[in-house]
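Student: According to our numbering, the sequence shown holds residues 312 to 503 in order.
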Amino acid sequence: MKRTILFGLLIVGLLLAGTHVFGWSGGPGMRGGQDCSQRGAQRMSDQDWQQRQQEQQQRMAVILDLSEEQQQQLQTLREERREKQQSLRTEMQASREKLHEVARANDADEASIRAAVQEHAELKTRKMVDGANHRRQMAAVLTPEQQQKFEQMRELKGDNSCGMRGQSGKCGAGDCTPGEKSGRRGGQGPRI
């Protein structure tokens, strides 16, 4: 009888300890596998971003054998892009919140929902076009040989989007299979 009770208490203790260990948020990925809705509070600080950019620029300068002038031109392009992205990110967040409000409103009509969706889609389109223009401007700074090396680097890196949000919907889960896009599956659009 004592052994059964003792064994039962031991099992309960192990289960409680196990849930504590597995509940720790230091799991997979950059953000510990927490839900992506919590990621806004943990955005990279400006100082961290600058440090990461500096390291990345140094690697690119070595690998692509960039001249001082090229490095300066690329630095200027990156800074301009960061400013544009910050303002666009703010606009997109406001648009996303408006879209969610309209879609969840009991008295929302189809026209207002369509208008909110259209506004958000235009911002996403602008973001993609800005990214393509930025890549084109960067390529214009590079020589043909450097452009070829840069493309090889991008191919090796692959689609890095899975590292931020995998199929599980968790930040940093990185559980996408090769070739699979992250985020919403099957072109479902924004989560409402």
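All residues carry an ideal CB built from backbone N, CA and C; glycine is no exception.
For methionine 312, which residues from the same chain have a beta carbon less than 7 Å from its beta carbon, with the 5 sequence-adjacent residues on both sides left out?
Tutor: Result list for methionine 312: empty, nothing under 7 Å.
Student: Using C-beta distances below 6 Å, list every residue in its chain close to glutamine 457, excluding the 5 sequence neighbours before and after it, in chain order.
Tutor: If we look at glutamine 457 and ignore the five residues flanking it on each side, its Cβ neighbours are Leu375.
Student: Could you say which of Pro455, Glu466, Ala450 lies nearest to leucine 385 if we only look at CA atoms?
Tutor: Comparing Cα-Cα distances from leucine 385 to each of Pro455, Glu466, Ala450, the minimum goes to Ala450.
Student: Within its chain, find whatever has a CB closer than 7 Å to the CB of valine 428; leave out the 5 residues flanking it on each side and keep chain order.
Tutor: Leu410.
Student: Mark leucine 377 as exposed unless 16 or more other C-beta atoms lie within 10 angstroms of its C-beta, in which case mark it buried.
Tutor: Looking at its Cβ environment, which holds 16 or more other Cβ atoms inside 10 Å, leucine 377 is buried.
Student: Just to confirm my understanding: we take histidine 445, look at its own chain, exclude 5 residues before and 5 after, and list those with CB closer than 8 Å. What are they?
Tutor: The residues are Leu388, Arg392.
Student: Under a Cβ-count criterion, where at least 16 other Cβ atoms within 10 Å of its own Cβ denotes burial, should glutamate 398 be classed as buried or exposed?
Tutor: The sequence shown places serine at residue 398, rather than the glutamate named in the question. It is exposed - the Cβ of serine 398 has fewer than 16 other Cβ atoms within 10 Å.
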